[in-house]
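Peer 1: In our numbering, the protein residues as written are 2 to 628.
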């Protein structure tokens with residue numbers, strides 16, 4: 002049954018002309034000349050909107066296809082590929098500082114991609130529409146006229162684009178990310194685009210609604226008869242429901258709402274509201290289900306795979322042959338007032354890659370919350386984690402005061418961060434606080450590898466020198482490898498300077514002086530950006546007390562409250578290598594990550610790389626799940 006809103010007489014139609022995503026058109030047009038001209042614009046604009054949506058998705062598909070071919074074909078180590086990579090890092094890796102107030106600490110590359118999408122959508126929202134006004138008679142009310150304009154076709158156009166972006170928004174938000182499988186980019190790197198696509202879809206939906214409200218409540222006559230009849234139609238009611246759900250989705254995703262209700266409420270509400278929104282959009286305009294069906298499928302696939310993977314880890318066969326879902330016991334070790342180390346033994350070795358993380362749900366505190374944590378251990382049957390109890394769930398875990406707690410594990414997620422390492426690659430790992438869990442598996446893996454020609458250095462920024470106790474067993478393994486240099490930088494001390502004894506073959510667990518494989522350098526104000534006016538230290542800078550103690554074969558921890566200049570740390574490391582490219586791994590406060598990104602970008606020099614000097618080929622792997 003065709004609705005009267007299409008102002009066409011379907012009962013006397015000679016034929017119907019199909020239009021994808023819209024109602025069939027009666028041909029030839031039997032309305033008045035003005036209405037026929039208006040319908041020409043409406044259908045032509047709609048067809049172009051579908052075409053532009055197809056171009057958008059074709060471009061996305063083409064980019065992904067080229068990406069797949071680029072990963073499959075061995076071109077990444079050619080001179081041209083290196084030149085492209087170095088140039089991209091040089092100009093696109095740093096933060097877009099001028100828009101930090103709007104985008105936060107976001108790379109230029111992400112802002113560039115967003116700018117391209119916004120530019121395309123801005124153009125295709127307007128092109129191909131004939132902008133005019135038609136005065137047409139109302140047959141049932143002699144002497145009364147409708148004002149038909151291009152507001153309707155424009156409102157339809159932005160509505161089509163909002164529908165077309167919905168599957169992409171879902172795709173960018175999935176934890177079981179198809180985009181990660183195709184590109185090798187961790188799913189969390191797509192969160193920025195997902196958030197901003199949400200803003201764009203909301204803006205398009207509001208424009209669509211305002212446009213048709215102007216048409217139906219003001220331009221069409223007689224009023225209020227037309228407006229009342231319009232708002233009562235089921236498809237309009239579902240449109241109102243969809244907009245309300247979208248406003249709730251958008252409002253609850255804002256930072257004030259997340260702080261007020263908690264992240265876990267936001268996440269669960271986001272899942273439910275997103276599914277209901279997609280269903281309401283389908284009910285509002287079923288002709289565009291070609292966009293809603295993939296959105297629902299992506300939503301259900303993401304949740305289904307997540308539950309299946311969790312079941313594989315926790316479903317156990319009992320002695321009587323039956324099975325059950327069982328949580329895993331986690332052994333807890335407490336440090337300071339807010340740091341906990343977890344040891345989890347699974348029933349069988351889990352296969353994950355260095356750099357991937359798991360979501361842990363502490364069932365004693367509630368099954369509705371889970372948090373991402375990176376294992377500091379190598380893949381195997383035992384998982385080791387270090388977490389800091391900041392607030393909410395993690396704070397409750399830090400205050401449990403029990404030896405064990407049941408845990409539900411989901412994962413792994415993320416990508417292999419060692420994929421591009423070669424024996425000639427120099428490796429610099431920089432970590433702040435519990436960010437050590439991201440870089441430590443890299444070092445443990447390299448410690449087990451055959452000797453390489455590259456330099457390996459860990460710089461770990463902690464609050465107090467005693468924080469090395471968190472990972473003492475792993476540090477002991479690294480100290481035994483002469484190829485790995487370790488520098489621990491305490492940001493503050495709560496007691497007078499103490500002597501740090503060198504490592505020995507008897508298994509002494511203390512930190513070694515600068516001349517050995519592990520250094521301690523003066524403190525640093527953890528978590529601040531690069532705008533501090535305090536003096537900053539690089540690897541080559543020593544305090545007077547530190548230099549004096551080295552003459553005695555010992556080293557003191559000076560209470561200077563200086564923070565290291567991480568840009569200088571990166572620069573000194575790159576300048577100090579003899580040959581080969583460098584890969585920098587960093588995890589820590591947002592300011593630290595931004596500074597490292599900026600210096601890595603500055604170290605890339607296409608001219609030197611093109612001439613065969615690969616010391617200016619500096620790549621970066623960073624953990625931004627908390628950004």
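Note that beta-carbon positions come from the ideal geometry of N, C-alpha and C, so glycine has one too. If you're wondering where the values come from, they're calculated on a predicted model, not measured in any experiment.
For residue 305, report the span of its alpha helix (DSSP H) as first-last.
Peer 2: Counting along the chain, the alpha helix (DSSP H) containing residue 305 begins and ends at 290-315.
Peer 1: Locate the beta strand (DSSP E) running through residue 333, then write down its first and last residues.
Peer 2: Here the beta strand (DSSP E) through residue 333 covers 329-336.
Peer 1: Applying the 10 Å Cβ sphere with the 16-neighbour rule, what's the burial state of residue 600?
Peer 2: Label assigned to residue 600: buried.
Peer 1: Determine the direct distance from the alpha carbon of residue 127 to that of residue 630, and round the result to whole angstroms.
Peer 2: Look at the range of the chain in this structure, 2 to 628, and you will see that residue 630 is not part of it.
Peer 1: Cα separation between residue 31 and residue 10?
Peer 2: Going by the C-alpha atoms only, they are around 7 Å apart.
Peer 1: Starting from the Cα of residue 202, find the closest Cα among 174, 161 and 184 and give me that residue.
Peer 2: Taking only the C-alpha atoms, the option nearest residue 202 is 161.
Peer 1: For residue 553, I'd like the list of residues in its chain whose CB is within less than 6 Å of its CB, leaving aside the five on either flank, ordered along the chain.
Peer 2: In this prediction, residue 553 scores a pLDDT of 28, lower than 50, which makes its location untrustworthy; the coordinate-derived value is nonetheless stated afterwards. Cβ within range, chain order: n/a, list empty.
Peer 1: What separation, rounded to the nearest whole angstrom, lies between the Cα atoms of residue 404 and residue 332?
Peer 2: Rounded to the nearest angstrom, the two C-alpha atoms are 6 Å apart.
Peer 1: Could you have a look at residue 584 and say whether DSSP puts it in helix, strand or coil?
Peer 2: Three-state DSSP puts residue 584 in a strand.
Peer 1: Pick from 264, 135, 577 and 87: whose alpha carbon is nearest that of residue 618?
Peer 2: Comparing Cα positions, the closest option is 87.
Peer 1: Is it buried or exposed for residue 111, if we count other Cβ within 10 angstroms and need 16 for buried?
Peer 2: Buried is the call here.
Peer 1: By the DSSP assignment, the alpha helix (DSSP H) with residue 175 in it spans what residues?
Peer 2: First-last for residue 175: undefined, no H or E at that position.
Peer 1: Could you compute how far the alpha carbon of residue 95 sits from the alpha carbon of residue 593?
Peer 2: Their backbone Cα atoms lie some 12 Å apart in a straight line.
Peer 1: Between the alpha carbons of residue 248 and residue 272, how many angstroms are there, rounded?
Peer 2: Each residue's Cα considered, the two are about 14 Å apart.
Peer 1: Under 8 Å between C-beta atoms, does residue 382 make it to chain D?
Peer 2: No chain D is present in this structure, which holds just one protein chain.
Peer 1: Could you pull out every unbroken beta strand (DSSP E) segment of at least 3 residues lying fully inside the segment 13-92, listed in chain order?
Peer 2: DSSP runs (the beta strand (DSSP E)) wholly in the segment 13-92: 16-18 and 26-28.
Peer 1: Opposite residue 384 in the DSSP bridges: which residues?
Peer 2: Residue 384 pairs with 345.
Peer 1: Quick check on this structure: which residue in 427, 190 and 41 has the alpha carbon closest to the alpha carbon of residue 615?
Peer 2: When each option's Cα is compared against that of residue 615, the closest is 427.
Peer 1: Taking three-plus beta-carbon pairs below 8 Å as touching, is the segment 123-143 in contact with the segment 258-268?
Peer 2: The segment 123-143 is not in contact with the segment 258-268.
Peer 1: Just curious, the alpha helix (DSSP H) that residue 264 is in, first and last residue?
Peer 2: Counting along the chain, the alpha helix (DSSP H) containing residue 264 begins and ends at 264-285.
Peer 1: Taking 8 Å as the threshold (C-beta atoms), are residue 206 and residue 255 in contact?
Peer 2: Not closer than 8 Å, so no.
Peer 1: Taking 8 Å as the cut-off, decide whether the C-beta atoms of residue 289 and residue 55 are in contact.
Peer 2: No. Outside cutoff.
Peer 1: Spatial neighbours of residue 497 within its chain, please: C-beta separation below 6 Å, excluding the five flanking residues on both sides.
Peer 2: Low per-residue confidence applies at residue 497: pLDDT is 39, beneath 50, and the placement is therefore not dependable, though the value from the model is reported in the following sentence. So no residue of the chain qualifies.
Peer 1: If we count the other Cβ atoms within 10 Å of its Cβ and call it buried at 16 or more, is residue 101 buried or exposed?
Peer 2: Under this definition residue 101 is an exposed residue.
Peer 1: Determine, using beta-carbon pairs with one atom in the segment 451-460 and one in the segment 426-441, whether at least three such pairs fall under 8 Å.
Peer 2: A contact exists between the segment 451-460 and the segment 426-441.
Peer 1: What would DSSP say about residue 123, mapped onto helix, strand or coil?
Peer 2: Correct three-state label for residue 123: helix.
Peer 1: How far does the beta strand (DSSP E) with residue 150 in it reach, from first residue to last?
Peer 2: First-last of the beta strand (DSSP E) with residue 150: 146-150.
Peer 1: I think residue 471 touches residue 340, with their Cβ atoms under 8 Å apart; what is that distance to the nearest whole Å?
Peer 2: With a Cβ gap of about 6 Å, residue 471 and residue 340 count as contacting.
Peer 1: For the segment 182-191 and the segment 306-316, state whether three or more C-beta atom pairs, one from each stretch, are separated by less than 8 Å.
Peer 2: With a cut-off of 8 Å, the segment 306-316 and the segment 182-191 do not count as touching, because too few Cβ pairs lie within range.
Peer 1: What is the DSSP secondary structure of residue 203, reduced to helix, strand or coil?
Peer 2: Residue 203: helix per DSSP, three-state reduction.
Peer 1: Can you tell which of 334, 564 and 365 has the C-alpha that lies nearest to the C-alpha of residue 465?
Peer 2: The shortest Cα separation from residue 465 among 334, 564 and 365 belongs to 564.
Peer 1: Ignore the nearest five residues each way along the sequence and tell me which others in residue 531's own chain have a CB closer than 6 Å to its CB.
Peer 2: Note that residue 531 scores a pLDDT of 36, beneath 50, so its modelled location is shaky; the value from the coordinates is reported in the next line. Cβ within range, chain order: 596.
Peer 1: Output needed for residue 170: all residues of its chain with C-beta closer than 7 Å, excluding positions within five of it in sequence on either side, in chain order.
Peer 2: Answer for residue 170: 195, 198, 199 and 202, listed in chain order.
Peer 1: How far does the alpha helix (DSSP H) with residue 604 in it extend, from its first residue to its last?
Peer 2: Counting along the chain, the alpha helix (DSSP H) containing residue 604 begins and ends at 591-604.
Peer 1: Can you tell which of 604, 58, 352 and 443 has its C-alpha closest to the C-alpha of residue 291?
Peer 2: Looking at the Cα atoms, 58 is the closest of the given residues.
Peer 1: Exposed or buried, which one is residue 80 when buried takes at least 16 other CB atoms within 10 Å?
Peer 2: Answer is exposed; the Cβ neighbour count stays below 16.
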